[in-house]
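One structure is given below, encoded as structure tokens.
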Amino acid sequence: INLIGKIKQKINKHYRQNLYYVGHNRHMLNDDYLNVFVNIPRKDFPIYKQQIQKLLEFSRAHNIKTYFLIVPSQENLYRENALKLNLPARENIEELADYLKQELNYEMIVPTEELREAKKKDYVFFKADHHWTDSGAFIGYRQLMLKIQADFPDVKLPSEEDYDYFYTTKTRGEYELSLIHISEPTR
């Protein structure tokens, strides 16, 4: 089985394993994730509006300042690694954020451009799962804190110097790639 998987990977340059594609540069991307979370039907936008409106009304009634951070998908940020996945031209979480801004006069935080810029220097998602790396999480956190600081000027903005950064050859996400290969049982 392992040999067949390796042959398919070499011939096709991608392969499907348990709903994931392992694409260019060993990025593991989930096409079902794209269909469920990235391509939100426009007809469902009013449902999101209604739910967020209820939360905002509750927050305002209780004097709670509320912020929403919408994370762009790994599939969107690393679309060059997706090979033959049928990716939309643009992730419509940004379109949803635009819709909510227009309908509710409420601005969501969607750090797509900041993450896209940062990925030129470092990974912002793990290659083998859909979670942010520490770098990606820091960028999202900083964008959220910029918005909070606009409302609360005494809040200190985080900087990279506030944290200890280190690099290792192993990441938590790359472990899953090693599970794809099936080994012979020991006797």
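Residue numbers (our numbering): 1087 to 1273.
Don't be surprised by glycine CBs; every beta carbon is placed ideally from N, CA and C.
Only a predicted model underlies this, so the values are computations on that prediction, with no experimental measurement involved.
The bridge partners DSSP lists for I1195 are L1155. Excluding the 5 residues flanking it on each side, E1193 has same chain C-beta neighbours closer than 7 Å at K1187, in chain order. Listed as beta-bridge partners of F1211 by DSSP are W1218. Between I1195 and K1140, the C-beta gap is not smaller than 8 Å, which leaves the two residues out of contact.
The C-beta separation of L1190 from I1138 comes to about 7 Å, placing the pair in contact by the 8 Å criterion. In this structure I1225 touches E1200 by the C-beta definition: roughly 5 Å separates them, less than 8 Å. In the structure shown, F1144 adopts helical secondary structure according to DSSP, grouped into three states. Apart from sequence neighbours up to five positions away, the residues of its chain that approach S1221 with a beta-carbon distance below 6 Å are D1208 and V1210, ordered along the chain.
Rounded to whole angstroms, the separation of the alpha carbons of M1231 and Q1136 is 26 Å.
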